[in-house]
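Notes to accompany the following structure.
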Amino acid sequence: MKKNISLIALLISSILLFTGCGTSTVKAEGETAESTAATTEAGTAAQAKPQEDIVLRAATQTDYPPFCFIDENDKFTGFDYELLELIDERLDGYTIDIQGAGWDSMFLSLDSKKIDLVSDEVAITPEREENYYFSLPYLEIQSCIAVKTGTTGIETLDDLVGKHVVTVVDSYSEILENYNDTHEHKIIIDYVSDVTSLEMLQGVANGKYDAHIDDPVMMTTTINENNLDVEIVGEPVSSDPAAIVFAKTPDGKSYKDVIDPVIREIIADGSLAELSKKWTGDDYTPDLKNYE
1 MKKNISLIAL LISSILLFTG CGTSTVKAEG ETAESTAATT EAGTAAQAKP QEDIVLRAAT
61 QTDYPPFCFI DENDKFTGFD YELLELIDER LDGYTIDIQG AGWDSMFLSL DSKKIDLVSD
121 EVAITPEREE NYYFSLPYLE IQSCIAVKTG TTGIETLDDL VGKHVVTVVD SYSEILENYN
181 DTHEHKIIID YVSDVTSLEM LQGVANGKYD AHIDDPVMMT TTINENNLDV EIVGEPVSSD
241 PAAIVFAKTP DGKSYKDVID PVIREIIADG SLAELSKKWT GDDYTPDLKN YE
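The sequence shown stops at residue 292 when you use the working numbering, and every number in between is there.
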């Protein structure tokens with residue numbers, strides 16, 4: 001009898017033991033399912049969340065009409081500003097943040113990675129290509145000589161020998177430097193910094209300098225808007241393609257690679273030509289076949 005009672009007790013203990021284990025197993029499985037569901041839900045939510053655009057910090061001048069300047073309402077405007085806006089509209093995954101800067105400080109900021117690109121009628125030159133990446137050109141820019149109204153005897157670079165020509169360090173100063181490097185008789189180059197194109201032209205108007213070389217569209221706009229006693233003379237002394245500038249880094253190359261197709265597109269569909277006509281009065285967009 002004791003054996004039977006002991007056997008029954010053993011059977012009851014076994015049943016209770018397995019029942020307890022079964023309950024624990026179901027609970028663990030339930031917890032795993034809930035965790036899996038939560039993980040799946042979180043993953044789906046993460047996939048559904050849109051990726052934020054990469055912000056490209058762009059610099060352009062604020063005193064170089066009609067290309068880039070501040071209007072009477074203290075707003076950015078001009079050809080280059082609207083060019084960047086047009087590119088921004090067609091770029092997927094990127095947003096362009098436009099910042100104002102002086103000519104010299106733009107390149108210092110680009111070199112120190114404070115900005116990602118410069119759009120400011122920057123001519124493509126061999127010297128610059130050693131240090132920067134350039135986009136496809138978006139404009140053909142010319143260089144002309146400006147003198148005080150009524151000045152005679154100055155129409156070409158040869159006529160500037162022995163004359164004082166005011167300039168900042170840019171592609172226009174390179175024209176003068178290249179001339180001096182290849183000629184016995186030199187042009188006197190008066191370098192200035194932290195001055196505007198208006199101030200340089202005012203220096204020509206008041207006789208401080210004999211001449212200034214710059215883009216004729218910009219100079220005509222500045223002369224007319226400020227009623228300066230200055231005129232453009234002779235034929236253009238050069239014509240160069242202008243492009244957007246990037247740092248010569250892997251990031252700079254990647255930005256160039258996403259912007260180049262957009263420039264090609266807005267040239268092909270005529271959008272850039274319309275922008276050029278709006279701000280310069282003519283179509284100065286380049287033929288990209290010359291830059292393949």
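Ideal Cβ placement from N, Cα and C applies to all residues, glycine included.
DSSP state of residue i mapped onto helix, strand, coil
| i | result |
| --- | --- |
| SER135 | coil |
| PHE67 | coil |
| LYS148 | strand |
| GLU52 | coil |
| ILE141 | strand |
| ASP190 | strand |
| GLN250 | It is Pro, not Gln, that sits at residue 250 in the sequence shown. In the structure shown, PRO250 sits in a helix (DSSP, three-state: H, G or I). |
| ILE124 | coil |
| VAL161 | strand |
| GLU235 | strand |
| ASP116 | coil |
| VAL262 | helix |
| ALA101 | coil |
| TYR94 | strand |
| ILE154 | coil |
| ASP240 | strand |
| THR280 | helix |
| THR182 | helix |
Same chain, Cβ closer than 6 Å to residue i, neighbours up to 5 away in sequence not counted
| i | result |
| --- | --- |
| LEU139 | ALA242 and TYR284 |
| ASP210 | LYS163 and HIS164 |
| GLY157 | Checking the sequence shown, residue 157 turns out to be Leu, not Gly. So the qualifying residues of the chain are TYR179 and VAL237. |
| THR196 | ASP63 |
| MET106 | ALA59 and VAL118 |
| GLU155 | VAL233 and GLY234 |
Identity of the residue in the options nearest residue i by Cα
| i | options | result |
| --- | --- | --- |
| PHE67 | ASP159, LEU201, LEU84 and ASN73 | LEU84 |
| ILE96 | MET106, ASP104 and ILE87 | ILE87 |
| SER146 | LYS208, LYS248 and LEU201 | Sequence check: residue 146 is Ala here, not Ser. For the residues LYS208, LYS248 and LEU201, the minimum Cα distance to ALA146 belongs to LEU201. |
| LEU160 | ASP190, VAL168 and SER171 | ASP190 |
| ASN206 | GLY100, VAL230 and ASN224 | VAL230 |
| ALA123 | ASP287, ASN226, SER109 and GLU174 | GLU174 |
| LYS148 | ASP240, ILE267, MET219 and TRP279 | MET219 |
| LEU228 | ASP240, VAL217 and GLY203 | GLY203 |
| THR152 | MET106, ILE232, ALA101 and VAL217 | ILE232 |
| TYR64 | ILE263, ASP120 and GLU274 | ASP120 |
| ILE323 | THR182, VAL166, LYS208 and THR196 | Since the first residue of the chain shown is 1 and the last is 292, residue 323 is not available in this structure. |
| THR221 | THR182, GLU89, GLY281 and ASP181 | GLY281 |
| ASP71 | TYR172, SER171, GLU225 and ILE115 | GLU225 |
| LEU288 | GLU274, LEU275 and GLU265 | GLU265 |
| LYS114 | GLU52, LEU56, LYS208 and GLU89 | LEU56 |
| SER171 | ILE244, ILE213 and GLY150 | ILE213 |
Cβ-based neighbour list, residue i, same chain, cut-off 7 Å, excluding 5 preceding and 5 following
| i | result |
| --- | --- |
| ILE54 | GLY93 and TYR94 |
| TYR133 | PHE246, LYS248, GLY252, LYS253 and LYS256 |
| LYS277 | ASP283 |
| VAL258 | LEU91 and TYR94 |
| ILE303 | In the structure as shown, the chain starts at 1 and stops at 292, and residue 303 therefore has no counterpart that could be examined. |
| ILE98 | ALA58, THR60, PHE76, TYR81 and LEU84 |
| SER271 | LEU86 |
Cut-off 8 Å between Cβ atoms - residues of its own chain near residue i, not counting five sequence neighbours on either side
| i | result |
| --- | --- |
| ASP260 | SER135 and LEU136 |
| ASP104 | VAL168, VAL169, SER193 and ASP194 |
Residue i classed as buried or exposed, judged by whether at least 16 other C-beta atoms fall within 10 angstroms
| i | result |
| --- | --- |
| GLU235 | exposed |
| TYR179 | buried |
| GLN61 | buried |
| ASP215 | buried |
| TYR291 | exposed |
| PRO250 | exposed |
| LEU117 | buried |
| GLY78 | buried |
| PRO126 | exposed |
| ALA268 | exposed |
| TRP279 | buried |
| SER239 | exposed |
| THR32 | The predicted position of THR32 is uncertain, since its pLDDT is 47 and thus under 50; no value can be drawn from it. |
| SER112 | exposed |
| GLU34 | In this prediction, GLU34 has a pLDDT of 48, which is less than 50 and means its spatial position is unreliable; what the coordinates show is noted afterwards. By the 10 Å Cβ count, GLU34 comes out exposed. |
| HIS185 | exposed |
| LEU176 | buried |
| LEU108 | exposed |
| ALA38 | With a pLDDT of 46 at ALA38, under the threshold of 50, the modelled position of that residue is not reliable, and no figure is offered here. |
| HIS183 | exposed |
Contact with chain B by residue i, beta-carbon distance below 7 Å
| i | result |
| --- | --- |
| GLY162 | Considering every chain present, this structure includes no chain B. It has just one protein chain. |
Just list the beta strand (DSSP E) runs in the region 199 to 231, keeping only unbroken ones of 3 residues or longer that don't cross its boundaries, in chain order.
211 to 214
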